[in-house]
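Student:
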Amino acid sequence: MASLIGDLIAAVLEFAFWAAWEILPALCFFTALAVVFVATLGKVTIERRGRIGWTGVPSITRSPQGRMVLSASLGVIIGFVFWVIVVSAAVIFHAYRS
Numbered sequence: 514m515a516s517l518i519g520d521l522i523a524a525v526l527e528f529a530f531w532a533a534w535e536i537l538p539a540l541c542f543f544t545a546l547a548v549v550f551v552a553t554l555g556k557v558t559i560e561r562r563g564r565i566g567w568t569g570v571p572s573i574t575r576s577p578q579g580r581m582v583l584s585a586s587l588g589v590i591i592g593f594v595f596w597v598i599v600v601s602a603a604v605i606f607h608a609y610r611s
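Here is the structure:
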C-alpha cells in the first residue's frame, strides 16, 4: 500500500513539473501576443514560427508590413513579466484588504 501511495505522489509531482516546464512558456507566449499587440496598437508583433521556449536568440527585426517583430523567446519573457505583475498585484491587494 505504501508503495502505491509513493508511486501516486511521484506521478502527481512529475505531472506538476511537466506542466510547469511545457505549459507555462506557452501560456506566457500567447499572453504576450495579446498584450504586445494591444499595447502597441499592432505596430509590434511577436514571431510565431518555431518552437516556443527559451532557446531562441533574442532579435528585433522589421516585417514586410513595417511592423517590428520580436523573437519568440522575448515574447515568453514579456508574458512571464506580465503574469508576475498580475500575481504580485493580487497578493498585495489581498494583503492590504485583510
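Note that our numbering numbers the sequence shown so that position 86 is 599, with each residue one more than the last.
Glycine is no exception: its CB is placed at the ideal position from the N, C-alpha and C atoms.
#1: Measuring CB to CB, does TRP596 end up less than 8 angstroms from THR544?
#2: Buried or exposed, going by whether 16 or more other CB atoms sit within 10 Å of the CB of VAL589?
#3: Straight-line CA distance for VAL604 to VAL594?
#4: Quick check on DSSP: helix, strand or coil for THR544?
#5: Rank MET581, CYS541, ALA539, LEU540 by C-alpha distance to the C-alpha of LEU554 and give the top, closest one.
Tutor: In brief:
#1: Here TRP596 is near THR544, since their CB atoms are less than 8 angstroms apart.
#2: Residue burial is scored here from C-beta neighbours: VAL589 has at least 16 other C-beta atoms within 10 angstroms and is therefore classed as buried.
#3: VAL604 and VAL594: Cα-Cα distance of roughly 15 angstroms.
#4: Residue state, collapsed to three classes: helix.
#5: The shortest Cα separation from LEU554 among MET581, CYS541, ALA539, LEU540 belongs to MET581.
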